[in-house]
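So for the sequence shown, the numbering used here puts the first residue at 308; every next one is plus one.
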Amino acid sequence: MRAAVLLLAFVVGCKSDDGGDKGTDGAGHSGTTTGPTEHCLDPGPDAAVTIAVEAEEWTFQGFPVISYVPPNPRGLIIYFHGGASAIPEILGHEQVAMLFNQMTTEGFAVLATQRTLPVGNDSWDFGDPEPRTNDDLSRILDLYEELLNRSELTADMPIVTTGFSDGSGMASSMGAWAADLGLPITAVSIHNGAFGKLPEVPTFLFVGVNDNPGIPDGARSMATQLEQAGVEVEHIEYEERLVQPDSFLRNPIWDQEKSQEAYDELVSVQMIDASGARLIPDDRIEDALAAWQRSSQLSGSSIAEQRLRVLWAMHRYSALDAVRECEFILDHTAP
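See below:
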């Protein structure tokens, strides 16, 4: 039984001169009179969340699915969740900002499902290119056909595979297997990972400087291999940012007073200085975050802790460069 779920997302079009939200044209593109382009508009990496689109939660072959197809779709983005997470990961603020707001405004459908193996230390099967023996791959192909049957999407529309952490491995391998599978995958977008087979289509690599050990080096190696193979690659290793009094407004349940309270406590316990710069050594970030959560007097400190991981360029999906990623996708999905 399908159920509608309201997704939290960032207002891509911002506000028009009269204070109203900008609309979209028939192709799902944002209309604007203030920017140099009508595409890939984003209010910024710290913008507050508002309700933007309504997606479907349903079940396919016994596994949960979340999907959204805008009117007059131009393509499909398939998202693969991280290894220690589950399908609701795609409803995280950062994923929503990039996928369910910015890219649906650009006319892209979004599709995600749960991997076959349970959440934890297992992973997507991004090593076996044969659908007969790869349960993940077989189900994804069937799910894609089901979405074609139940929506305005057509088999000739471009597909972009993307994923976070372990899920990036499946996104990469799909980009390597696309031709053999007969799928119109035209680009791959990798967040915080360097796993799977080397894609044979243009690839966007996005990792944090303080990512999990091995991932920044792995991403550099993957970028080099792609270049040597003659595959276009855009590799971004993003820096951490200063924490500011309004950094925690990303979550809509916190107002300016609450965000300031979190900032002040972080200063008082010497996790950041008065300018918002991190005071914790690189090798103690994880321990310091855990200790702070245990001792914090701040109600909802887990919200601040999750936000700090994004700000400090750790192993966390980030929409910091959502505009650049969006432009990359548009460049490689043009008719």
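All C-beta atoms in this analysis are idealised placements derived from N, C-alpha and C, irrespective of residue type, glycine included.
* Any chance you could list the alpha helix (DSSP H) runs of at least 4 consecutive residues sitting entirely within the stretch 571 to 615, in chain order? => Listed in chain order, the complete alpha helix (DSSP H) runs (minimum 4 residues) inside the stretch 571 to 615 are 592 to 602.
* Asked: Helix, strand or coil: how does DSSP classify A359 here?
  -> Reduced to three states, the DSSP call for A359 is strand.
* According to DSSP, is Y451 helix, strand or coil? -> DSSP places Y451 within a helical segment (H, G or I) once states are collapsed to three.
* Taking F370 as part of the beta strand (DSSP E), name the residues at either end of that continuous run. => Going by DSSP, F370 is part of the beta strand (DSSP E) stretching over F370 to Y375.
* Measure the C-alpha to C-alpha separation of R557 and K565 and round it to an integer number of angstroms. => Rounded to whole angstroms, R557 and K565 show a C-alpha spacing of 12 Å.
* To do: Leaving aside the five residues before and after L454 along the sequence, list all residues of the same chain whose C-beta is less than 8 Å from its C-beta, in chain order.
  => Closer than 8 Å at Cβ, skipping near neighbours: S374, V376, L383, A416, L418 and L460.
* Per-residue burial, T493 [other beta carbons within 10 Å of its own, 16 or more giving buried] -> By the neighbour-count rule (16 or more Cβ atoms within 10 Å), T493 is buried.
* To do: Starting from V630, trace the alpha helix (DSSP H) both ways and give me its first and last residue.
  => Taken as a continuous stretch (DSSP letters only), the alpha helix (DSSP H) holding V630 covers A629 to D638.
* To do: Please work out which residues of its chain come closer than 6 Å, Cβ to Cβ, to S458, disregarding the five sequence neighbours upstream and downstream, and give them in chain order.
  => Excluding five sequence positions before and after S458, the CB atoms of its chain that fall closer than 6 Å to its own CB belong to V376, given in chain order.
* **Best match in E452, P380 and A485 for proximity to L507 [C-alpha to C-alpha]** => The amino acid occupying residue 507 in the given sequence is Glu; Leu does not appear at that position. Minimum Cα distance to E507 is reached at A485.
* Name the residue from N408, A641, Q368 and S392 whose alpha carbon lies nearest to the alpha carbon of P350. => Ranked by Cα distance from P350, the first of N408, A641, Q368 and S392 is N408.
* Asked: In terms of residues, what are the limits of the beta strand (DSSP E) holding L533?
  -> No beta strand (DSSP E) holds L533; the alpha helix (DSSP H) holding it covers I522 to Q535.
* Run of the alpha helix (DSSP H) containing G482, from where it starts to where it stops -> For G482, the enclosing alpha helix (DSSP H) starts and ends at D473 to L488.
* Cα-Cα separation, L605 to L573 -> C-alpha of L605 to C-alpha of L573: approximately 10 Å in a straight line.
* Straight-line Cα distance separating P559 from N379 -> Roughly 30 Å between the two C-alpha positions.
* F415, enclosing beta strand (DSSP E) - first and last residue -> Start and end: F415 to T420.
* So R623 and V630 are in contact, right, with Cβ under 8 Å, and what is the actual spacing, rounded? -> The pair is not a contact, with the Cβ atoms about 19 Å apart (cut-off 8 Å).
* Residues that DSSP places opposite A494 in a beta bridge -> The partner list for A494 (beta bridge, DSSP) reads V467.
* Asked: With a CB to CB cut of under 8 Å and the five nearest residues on each side skipped, what residues in its chain are close to V467?
  -> These residues qualify, in order along the chain: G382, L383, I384, I385, F415, I492, T493, A494, V495, S496, I636, H639 and T640.
* In the DSSP assignment, what are the bridge partners of E431? -> A small fix is needed here, since residue 431 is Trp in this sequence, not Glu. None; W431 has no bridge partner.
* Asked: Cβ of G474 within 8 Å of Cβ of A620?
  -> Against a cut-off of 8 Å, the Cβ pair of A620 and G474 comes out as no contact.
* Terminal residues of the beta strand (DSSP E) in which H542 lies -> From DSSP, the beta strand (DSSP E) with H542 extends over V540 to Y545.
* **Residue burial classification, G489 (beta-carbon count within 10 angstroms, cutoff 16)** => G489 is exposed by the Cβ-count criterion.
* Asked: If you run the structure through DSSP and keep just helix, strand and coil, what is L424?
  -> It is coil, neither helix nor strand.
* Euclidean distance between Cα positions of Q600 and D594 -> Across the structure, Q600 and D594 are spaced so that their CA atoms are roughly 10 Å apart.
* From what residue to what residue does the beta strand (DSSP E) around T440 run? -> Premise fails: T440 is in no beta strand (DSSP E) and is neither H nor E.
* Asked: Between D442 and M477, is the Cβ-Cβ spacing less than 8 Å?
  -> For D442 and M477, no; Cβs fall outside 8 Å.
* **Distance between E452 and A404 (C-alpha atoms, nearest Å)** => Roughly 27 Å separates the two Cα atoms.
* Asked: Is I560 helix, strand or coil when you go by DSSP?
  -> Here I560 sits in coil by DSSP.
* Asked: Could you give the distance in angstroms between the alpha-carbon of R527 and the alpha-carbon of L627?
  -> In a straight line, the C-alpha of R527 is about 19 Å away from that of L627.
* To do: Leaving out five residues on either side along the sequence, give the residues of the same chain with a beta carbon under 8 Å from the beta carbon of G333.
  => Note that G333 has pLDDT 32, beneath the 50 cutoff, so the model's placement of it is unreliable and no number is given.
* Asked: Using the rule of at least 16 other Cβ atoms within 10 Å of the residue's Cβ for burial, across every protein chain shown, is E541 buried or exposed?
  -> Classification of E541: buried, given that the 10 Å Cβ count is 16 or more.
* To do: For A598, collect the residues of the same chain with a Cβ closer than 8 Å to its Cβ; drop the 5 residues on either side in sequence, then sort them by chain order.
  => The beta carbon of A598 is closer than 8 Å to none in its chain, skipping five residues each way along the sequence.
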